[in-house]
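For the sequence shown, our numbering gives the first residue as 25, with consecutive numbering after it. Have a look at the structure below, then the notes.
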Amino acid sequence: MYFLWVRRKILKFIGASFLTFLLFPFKFVNSKNIKIINKNLTEKQKNILFNEGTERPFTSSLLHEKRKGFYHCVNCDAKLFSSDSKFDSKTGWPSFTTALPGAFKTKVDYSFGMKRIEYHCANCGAHHGHVFDDGPGENGKRFCNNGLCLIFKPSS
Ligand SMILES: [Zn+2]
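Right, dumping it as structure tokens:
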């Protein structure tokens with residue numbers, strides 16, 4: 025009798041774990057390496073940073089930002105991009121030809137049936153965007169970043 029009870033418990037546990045994994049695969053995989061540092065993030069920002077969401081194109085106020093300065097992570101304040109690498113990609117998201125050295129870590133993202141390279145803040149682990157091989161600069165890269173994940177600090 026005790027054996028059957030234990031077996032039932034184990035099967036129930038396996039079933040629940042499997043179901044959780046099926047329903048929340050991204051949360052399951054990502055919750056490990058992310059540090060939530062900024063306590064004032066909005067729901068939209070959290071969805072992008074921690075659930076790999078994407079903001080609607082042409083909604084970011086940073087699209088038209090042309091001043092000299094640096095773009096920081098909205099979660100942990102790490103310096104990610106220089107204004108020198110910003111360009112207008114016409115895609116509707118703030119775009120950069122290169123990131124500051126060591127700013128990001130990349131991983132392959134297979135969602136929506138596409139193979140894309142996704143990048144995360146190296147300091148806090150938050151998702152910022154995807155990098156593509158059709159950029160206009162020397163290295164041919166285009167960092168397509170959600171504006172809601174960035175804080176611009178102009179150099180005065
Ligand atoms: Zn960060």
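The C-beta atom is built at its ideal place from N, Cα and C for all residues, glycine as well.
- Across the structure, His-88 and Cys-100 are spaced so that their CA atoms are roughly 24 Å apart.
- Taking 8 Å as the cut-off, the Cβ atoms of Phe-176 and Leu-86 count as close.
- The beta carbons of Tyr-95 and Leu-174 sit about 5 Å from each other, so the pair counts as a contact at 8 Å.
- With respect to Ala-150, Phe-128 sits apart: the two C-beta atoms are not nearer than 8 Å.
- Gly-153 counts as buried, since at least 16 other C-beta atoms from the protein chains shown sit within 10 angstroms of its C-beta.
- Chain order is used for the residues whose beta-carbon lies nearer than 6 Å to a heavy atom of ligand 1, namely Cys-97, Asn-99, Cys-100, Ala-102, Cys-145, Asn-147, Cys-148, Ala-150.
- About 6 Å separates the CB atoms of Pro-118 and Ser-84; that is less than 8 Å, so the two are in contact.
- In the DSSP annotation of this structure, the continuous segment of the alpha helix (DSSP H) that includes Ile-72 starts and ends at 67-75.
- Here DSSP, grouped into helix, strand and coil, assigns Asp-133 to strand.
- Here DSSP, grouped into helix, strand and coil, assigns Leu-87 to helix.
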